[in-house]
Amino acid sequence: MTESLETISHDLNIKTEVISLGWTAALARAPQIEITSEKFKPERPKVVSLTCSGPKIGVKSFVFPEAPAWLRSLEKKAAPKKEASDEPAADEEASSKPKAKRVTHIRPPGDVIKLEDRLYYLLQPSLESLVSSGAMEFPFEPFPYQFEGIAFLYPRHAAVMADEMGLGKTMQAISTMRMLLRAGELRSVLLVCPKPLVSNWKREFNLWAPEIPISVIEGDSAKRSWLWRDNQTPVKIANYELLMRDHELVSEEGGLHFDLVVLDEAQRIKNTASTTAEIAKGIPRTRSWALTGTPIENSTDDLVGVFEFLAPGLLTKGMNIKAMSSTANEYIIRRTKDLVMTDMPPRLYRDAELQLSPAQQEAYEFAEKEGIVRLEEMGQELTVQHVFELVLRLKQICNFDPRTGESAKMDQLKADLEEVAASGKKAILFSQWTRTIEEIRKHVEPFGPLEYHGKIPHKQREGVIDQFKHDPSKHVILMSYGAGSVGLNLQFCEYVFLFDRWWNPAIEDQAINRAHRIGAAGAVTISRYLAMGTIEDRINKVLEEKRELFNTLFSETEEPTKVGFSKDEILGLFDLRSPKGPIRFAA
1 MTESLETISH DLNIKTEVIS LGWTAALARA PQIEITSEKF KPERPKVVSL TCSGPKIGVK
61 SFVFPEAPAW LRSLEKKAAP KKEASDEPAA DEEASSKPKA KRVTHIRPPG DVIKLEDRLY
121 YLLQPSLESL VSSGAMEFPF EPFPYQFEGI AFLYPRHAAV MADEMGLGKT MQAISTMRML
181 LRAGELRSVL LVCPKPLVSN WKREFNLWAP EIPISVIEGD SAKRSWLWRD NQTPVKIANY
241 ELLMRDHELV SEEGGLHFDL VVLDEAQRIK NTASTTAEIA KGIPRTRSWA LTGTPIENST
301 DDLVGVFEFL APGLLTKGMN IKAMSSTANE YIIRRTKDLV MTDMPPRLYR DAELQLSPAQ
361 QEAYEFAEKE GIVRLEEMGQ ELTVQHVFEL VLRLKQICNF DPRTGESAKM DQLKADLEEV
421 AASGKKAILF SQWTRTIEEI RKHVEPFGPL EYHGKIPHKQ REGVIDQFKH DPSKHVILMS
481 YGAGSVGLNL QFCEYVFLFD RWWNPAIEDQ AINRAHRIGA AGAVTISRYL AMGTIEDRIN
541 KVLEEKRELF NTLFSETEEP TKVGFSKDEI LGLFDLRSPK GPIRFAA
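Per UniProt numbering, residue 1 is the first one in the sequence shown, and the count goes up by one each step.
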């Protein structure tokens, strides 16, 4: 029997309704806010004045950290201080000057923000206390404006010392480096300068920072590589030409790093596209200083070139002059002689001690050896005139090499005249020989030279002086001591160059007084050129010891008199020995 199945279907749809609740509808309505205002009348705050009665805080002196090894070893060897009566006359004169009334403090640069960093500078005593307390010894006390220059350089990682020539940029830079080295803020310094100035920097370091070891980068490639990597001397001196040869060593790939790099005559890098500028910018360093008396020679682009070394990108070409001035002002210090006249004497002496060029050195050594042999062969027949002839010959070689025309003095002179011309000033150059003056003129034509010596007819001389005074393109007049030492008033000149030295200091003084006299335009800077390690150097030292005797011996204004001057003394100029007895004077 089959059962039948019954199927029943059901509707599974669920009916839903959407009901709008009150809080969802309220989302579309603007809320109603009730505001109730109340007047608030608090008591006014009171200011109470408190008087601090605690002891005044003052800083009495500089405290340097433990000295580095090179300084400790030198201090152990240091000689005891001399008594006041034993000090050189120059120091006595310097110490007799009235003490500066103002004091100079190191002020933090504008980019120093941290309070502790600013306090480091603000709590330091005055720089003058370095001298008065004896914390650091100076050959003589710097002038107030020089203290200001030191205070400017000390805290800055980028700076331009742009003082006018003769105000002591070298001294200010060395003194600041000395302080930073002794304070432990510097461990390695690289100074780059033109080749003729290397010996001058060495001499200035020995004068102003005698305890600081220095090394000059020189010699063959192996020696230079060792000197570059030697970490026993904190200061290294290199010239620009050598920097180009050793550019791989001083680049980042060379592995060297300097706490400070100083560029002297920094206008050398004004052309940003030059190889010298590129190498200088690539030296790994923490601080960068530039020394130049002419930061702008042709256009503001020159300053941009210098700042590409100091702070790349800070100044740009085509920048508005006003904007450039305000931006660079924090990094530049510039003083001219007229601004600091009250701080300095009317005369500033600047001794340029130079090394002969290779050709000059070769010619000098040959002439000296040959001349000495002849003098030795004369024996008792030797006269002052014979020695004098050899001296004059050697002095002329110190001016120019007779074969090649090379001249270390000329290289220095051209660098100095660039600065004179750039500042719109005028200079007098003195030499003993007319032939030397004529040779000098060939090399200084860009500076509008004029000649004034015995070959110039007397009728034309007044016109030469008048042209020199009124023509702004004439920056230097070349004079012989004889023609230019008497009867001229050139007080509009602020620079005097003694290309070679006269035997009688009185004649030199008369020549210098052509510019340094009542009504002078400003302080007169006298640059005296001296070839080191030559007869010029030796005679200069003997003249200090026997000034009166040598004035008589070599003066052209009076006949030499018979004096008890031994052959050994005069031949000592050439390290010769001779038979005993007084030397004869030729009739």
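From the three backbone atoms N, C-alpha and C, an ideal C-beta is built for every residue, glycine too.
Given 8 angstroms, three or more beta-carbon pairs between the stretch 204-212 and the stretch 425-432: no
Based on the DSSP secondary-structure assignment, which residues constitute the bridge partners of PHE497? LEU429 and SER527
Just tell me which of CYS493, LYS459 and ALA415 has its CA closest to the CA of PHE468. CYS493
Quick one: Cα of TRP228 to Cα of LYS236, how far? 8 angstroms
Ignoring anything shorter than 4 residues or poking outside the stretch 338-425, list the alpha helix (DSSP H) runs there in chain order. 358-378, 384-399 and 408-422
Among SER299, ARG347, TYR331 and GLN267, the one whose alpha carbon lies nearest that of PRO155: TYR331
Same chain, Cβ closer than 6 angstroms to GLU252, five either side skipped, listed in chain order: PRO284
Contained alpha helix (DSSP H) runs [length at least 4] in the stretch 272-302, N- to C-terminal order: The qualifying runs are 275-281.
I think MET165 touches ASP416, with their Cβ atoms under 8 angstroms apart; what is that distance to the nearest whole Å? 7 angstroms
Which stretch, first to last residue, makes up the alpha helix (DSSP H) that contains VAL261? Counting along the chain, VAL261 falls outside any alpha helix (DSSP H), though it belongs to the beta strand (DSSP E) covering 258-264.
How long is the line joining the alpha carbons of ILE269 and THR286, rounded to whole angstroms? 19 angstroms
Return the bridge partner residues of LYS236 from the DSSP annotation. LEU190 and SER215
Segment limits, beta strand (DSSP E) that includes MET479: 476-480
I'd like to know if the stretch 142-150 and the stretch 315-327 are in contact, where contact means that at least 3 CB-CB pairs between them fall below 8 angstroms. no
Can you tell me whether PHE366 is buried or exposed? The criterion is at least 16 other CB atoms within 10 Å of its CB, across all chains shown. exposed
Is ALA151 close to the ligand MN? I mean its beta-carbon at under 8 angstroms from any heavy atom of the ligand. No copy of the ligand MN appears in this structure; indeed no ligand is present at all.
Does the pairing of the stretch 114-132 with the stretch 158-174 give three or more beta-carbon distances under 8 angstroms? no
Where does the unbroken alpha helix (DSSP H) through PRO144 begin, and where does it stop? 144-153
With distance defined between alpha-carbon atoms, name the residue in ALA173, THR294 and PHE447 nearest to SER423. Selected option, being the one with the closest Cα: THR294.
Within 10 Å of its beta-carbon, does HIS453 have 16 or more other beta-carbons around it, so buried, or fewer, so exposed? Flag for HIS453 reads buried.
Restricting to Cα atoms, I'd like to know which of PRO108, GLN124, ARG118 and SER129 is closest to ARG102. SER129
Would LEU394 and THR534 be called neighbours here (beta carbons separated by less than 9 angstroms)? For LEU394 and THR534, yes; Cβs fall inside 9 angstroms.
Indicate the three-state DSSP secondary structure (helix, strand or coil) for ILE456 in the structure shown. Taken through DSSP and simplified to helix, strand or coil, ILE456 comes out as coil.
Determine the DSSP secondary structure at LEU314, reduced to helix, strand or coil. coil
Straight-line Cα distance separating VAL304 from MET532: 37 angstroms
Drop a sphere of 10 angstroms on the beta-carbon of GLY522, count the other beta-carbons inside from all chains shown, and report buried for 16 or more, exposed for fewer. When all chains shown are included, GLY522 counts as buried.
So, helix, strand or coil for LEU127, using DSSP? coil
Could you compute how far the alpha carbon of GLN124 sits from the alpha carbon of MET177? 17 angstroms
Given a cut-off of 9 angstroms, decide if GLU451 and LEU478 are closer than it, judged by their beta-carbon atoms. yes
Among all the DSSP beta bridges, which residues are the ones paired with GLU451? LEU478
Checking the sheet assignment: what are the DSSP bridge partners for MET244? According to DSSP, which records beta bridges pairwise, MET244 is partnered with nothing at all.
Give me the Cα-Cα distance between VAL391 and PRO109, rounded to the nearest whole angstrom. Approximately 54 angstroms, taken between the alpha carbons.
For SER480, does the count of other Cβ atoms within 10 angstroms reach 16, so buried, or fall short, so exposed? buried
Are the stretch 275-284 and the stretch 182-189 in contact at 8 angstroms, needing three or more beta carbon pairs? Under the 8 angstroms Cβ criterion, the stretch 275-284 does not count as touching the stretch 182-189, having fewer than three qualifying pairs.
Measuring only the C-alpha atoms, how far is SER407 from PHE400? 5 angstroms
Quick one: residues in its chain with C-beta nearer than 7 angstroms to the C-beta of ILE437, no 5 flanking neighbours on either side, listed in chain order? SER431, GLU451, HIS453, LEU478 and SER480
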